[in-house]
Amino acid sequence: MASAPPSRPHGSRIRQIGWMLALSLCLAAFLALTFKVNAVKSDVRLAERQIIALERQTLMLEVEFQTRASQRQLSQWNAVEFGYVAPRADQYLESERELAVLGLPRGLDAPDPIRVAKARPQAEEGLFAEWMADTDTAGDNGEDASDLDSGGYEAAGNLTQRLARSPALPSALAETGQ
121 MASAPPSRPH GSRIRQIGWM LALSLCLAAF LALTFKVNAV KSDVRLAERQ
171 IIALERQTLM LEVEFQTRAS QRQLSQWNAV EFGYVAPRAD QYLESERELA
221 VLGLPRGLDA PDPIRVAKAR PQAEEGLFAE WMADTDTAGD NGEDASDLDS
271 GGYEAAGNLT QRLARSPALP SALAETGQ
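Take the sequence shown: its position 171, counting from 1, is numbered 291 in our numbering, and each next residue is one higher.
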């Protein structure tokens, strides 16, 4: 039986070294190109950050210019339309006596003082108002709602006023505290 001849590599040794050099050059070029691309990306990001900072600074300056322009306009309106001026030293009172003089009784020809009307709040309507009216009658002294109303307890406009006037509240709080 005849044996097969030993197999030979398909290329020579020089050809293998050539392919290794070509692959090494491609790998080196790939790495150099990758580093260059990353450096350019970093420069682009830095430039974008600078652009954003400059846009913010421009916006701040525009707002400041608009504010100063509106302050100038307000100053002109104040001088022309409203006539406001800074307070002077002679506008202040020097002592309590000057303040007391301001509160002297009116003279004979003086006009009537301005009075402000005070409206009583309307009674609340609804389930909560009815519940509060029922709790007002459940006091320890046995009074009902009509006795409370006739005794100076008027319908208050809010819960705080009713609770402040309710005689049953202190005893109820004392019972819960025990």
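For every residue, glycine included, the Cβ atom is placed at its ideal position computed from N, Cα and C.
- DSSP, reduced to helix, strand and coil, places alanine 167 within a helical segment of the structure shown.
- Residue ranges of uninterrupted alpha helix (DSSP H) with 4 or more members, entirely inside the region 178 to 242 and ordered along the chain, are 216 to 222.
- DSSP, reduced to helix, strand and coil, places serine 162 within a helical segment of the structure shown.
- Here serine 144 carries a helix assignment [DSSP, helix/strand/coil].
- If you ignore the 5 residues before and after glycine 227, its C-beta comes within less than 8 Å of no other C-beta in its own chain.
- In this structure, the CA atom of leucine 179 is about 10 Å from the CA atom of phenylalanine 185.
- The alpha-carbon separation between leucine 143 and arginine 169 amounts to approximately 39 Å.
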